[in-house]
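*Asks:* Heads up: the sequence lines are chains A and B, in that order.
Using numbering that gives the first Met the number 0, read the first sequence as starting at 0 and increasing by one per residue.
Using numbering that gives the first Met the number 0, read the second sequence as starting at 0 and increasing by one per residue.
Could you have a look at this structure, given as structure tokens, before my questions?
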Amino acid sequence: MIELLDVRYSYPRGAEALRGVALTIREGITSLVGPNGSGKTTILKISAGLLRPAAGQVLVDGSDLWSADPEERLRLRRSVVYVHESPVVMRGTVEENVAFGLRLRGVPDEEAREGVREAMEMLGLSQLASASARTLSAGQRQLVALARALAVSPRHLLLDEPTANLDRENRRRVARVLRTLAREGVSVAVATHDRLLALEISDRAVLIEDGLVAAEGGPSEVLEGL
Amino acid sequence: MARSLAISGSATLLASTWSIPLAVKLVIGGDSRASRLALDLLNSLTSVPTVVIGLVMYLILSRSGPLGFLNLLYTPVAIALGQAVLVTPLITSAAAASLSGVHEVVWEMAMALGATERQAAGAMLREALPSILTVVLLGFNRALGELGIALMLGGNIRGFTRVMTTAIALEVSRGEFELALSLSGILLSLAIVVNVAIRRMGERR
């Protein structure tokens with residue numbers, strides 16, 4: 000579970016992006032919805048420890064991320080994975096890209112290979128294992144970025160517009176994978192403009208407006224007014 | 000020719016050992032006032048004439064200078080040190096420009112997957128490797144083609160500190176233009192061969 004307690008954040012030389020957000024990302028799937036620039040991405044990045052809030056607390060499984068010592072903070076950060084809305088792939092093959100997070104964590108080769116294989120299989124990427132990641136389409140890159148996140152088996156998975164570049168089949172596949180993860184106890188947060196996706200997969204929805212939580216509850220209830 | 004390559008190669012490697020980590024540091028601290036100031040300063044220093052650096056290094060390495068006790072003046076090491084100082088701003092600012100292209104995406108992606116800052120910097124460097132190689136090559140070419148430092152710190156001693164550029168200058172002063180032109184041709188060919196070889200290496204990676 001990730002808790003944001005009265006979190007405030009301003010980008011350098013920018014307006015206040017979050018103005019006292021109180022939000023809990025618990026087991027299951029939470030959709031963050033709201034207009035562009037409302038603060039959804041900032042919430043995900045703060046939850047992942049990528050941005051430090053100006054005020055307020057970020058609790059990951061009950062531990063304060065920013066008052067923890069560096070070793071503990073790294074451990075907490077490693078339980079959360081954030082996937083950016085513009086999928087980043089690096090030079091090298093798809094397999095190497097998917098293995099990246101496991102290599103960072105020093106996972107032994109054999110275990111890493113198994114993790115990579117499973118993640119690629121889940122997202123239908125096995126055929127592309129030895130393809131150069133840079134030659135992939137935007138949709139395939141998005142799947143690679145997601146597979147890279149899944150390979151490290153995070154307890155908390157934060158996704159920014161995960162289906163933005165996907166066709167119908169892959170969108171359904173991703174939705175299925177996210178539901179499976181949620182059933183296995185992973186807390187998933189999805190920032191999305193895809194109303195149908197939010198309705199289809201979410202257990203909860205949170206409406207973010209102007210840097211604040213404007214509403215939260217069941218997805219149909221929150222999304223009804225949008 | 001071998002001496003020119005060895006001296007300028009060592010100078011470039013030496014400068015790269017501090018310039019590239021410095022570039023990483025500056026890119027990571029991108030928004031801070033200190034980083035911006037440092038980058039502005041380094042950009043300005045790229046255009047300092049080689050004789051000015053030669054003069055400053057001469058004063059440092061001369062017998063009465065702070066490093067005079069090392070007896071390095073008029074040795075190949077002195078030329079390499081001078082050239083390393085010369086190419087430091089160039090390598091640092093060009094490497095910082097290359098790295099800032101990958102910083103935003105690769106740094107965040109690596110950190111989002113649980114990288115330490117050191118691991119994220121490593122990922123950023125790996126991703127920018129082809130352009131970093133080009134930057135190092137640029138530094139090598141600058142070192143290979145400079146004259147002021149080699150002349151002031153090396154003294155153009157035959158068989159010891161004479162490099163291609165000082166040899167060309169000497170032949171011109173003697174009126175041996177044909178020989179000077181031949182040496183210039185060799186220097187140019189050398190620069191082209193090294194350029195092409197390193198670029199191909201970068202492409203293969």
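The beta carbon of each residue, even a glycine, is placed where N, CA and C say it ideally should be.
Report the three-state DSSP secondary structure of A:GLU15 (helix, strand or coil).
*Replies:* strand
*Asks:* When DSSP labels each residue in this structure, what does B:SER181 get in the three-state scheme?
*Replies:* helix
*Asks:* Determine the DSSP secondary structure at B:ILE148, reduced to helix, strand or coil.
*Replies:* helix
*Asks:* Along the stretch 83-117 of chain B, what residues have a CB closer than 8 Å to any CB found in chain A?
*Replies:* VAL104, VAL105, GLU107, MET108, ALA109, MET110, ALA111, LEU112, GLY113, ALA114 and THR115
*Asks:* Which same chain residues end up closer than 8 Å to A:SER78 when comparing Cβ atoms and leaving out the 5 residues on each side of it in sequence?
*Replies:* VAL59, ASP60, PRO153, ARG154 and HIS155
*Asks:* What residues in its chain sit with their C-beta under 8 Å from that of B:TRP17, if we drop five residues either side in the sequence?
*Replies:* If we look at B:TRP17 and ignore the five residues flanking it on each side, its Cβ neighbours are THR87.
*Asks:* Against chain B, with Cβ distances strictly below 9 Å, would A:VAL151 count as a contact?
*Replies:* Residue contact with chain B for A:VAL151: present (Cβ-Cβ distance below 9 Å to some residue of chain B).
*Asks:* Suppose you measure from the CA of B:ILE185 to the CA of B:LEU98; what does that come to, to the nearest Å?
*Replies:* Distance between the alpha carbons of B:ILE185 and B:LEU98 is about 33 Å.
*Asks:* What residues from chain A crowd round B:ASP39, counting only those whose CB sits closer than 7 Å?
*Replies:* Chain A residues near B:ASP39: none, gap ~18 Å exceeds 7 Å.
*Asks:* If the cut is a Cβ gap below 8 Å, which residues of chain B does A:GLY100 touch?
*Replies:* LEU112 and GLY113
*Asks:* The alpha helix (DSSP H) with B:ALA37 in it runs from where to where?
*Replies:* 32-44
*Asks:* Strictly under 9 Å for the Cβ-Cβ distance: is B:ALA122 near chain A by that measure?
*Replies:* yes
*Asks:* Is A:THR29 helix, strand or coil when you go by DSSP?
*Replies:* The three-state secondary structure of A:THR29, taken from DSSP, is strand.
*Asks:* If the criterion is Cβ atoms closer than 9 Å, does the pair B:ASN142 and B:THR11 meet it?
*Replies:* The residue you asked about is not Asn; residue 142 of chain B is Ala in the sequence shown. Contact: yes.
*Asks:* When the Cα atoms are used, what is the spatial distance from A:ARG278 to A:GLN126?
*Replies:* The question about residue 278 of chain A has no answer here: the residues shown for chain A are numbered 0 through 225.
*Asks:* Give me whichever residues DSSP pairs with A:GLU168 in a beta bridge.
*Replies:* Partner(s): none; A:GLU168 has no beta bridge.
*Asks:* Tell me which residues of the stretch 43-59 of chain A have at least one Cβ-Cβ distance to chain B shorter than 7 Å, keeping chain order.
*Replies:* ALA47 and LEU49
*Asks:* Which residues, taken in chain order from the stretch 169-202 of chain B, show a beta carbon closer than 8 Å to some beta carbon of chain A?
*Replies:* Listed in sequence order: no entries.
*Asks:* With hydrogens ignored, establish whether the beta-carbon of B:GLU116 is closer than 8 Å to any heavy atom of the ligand PLP.
*Replies:* Looking for the ligand PLP in the displayed structure turns up nothing, as the structure carries no ligands at all.
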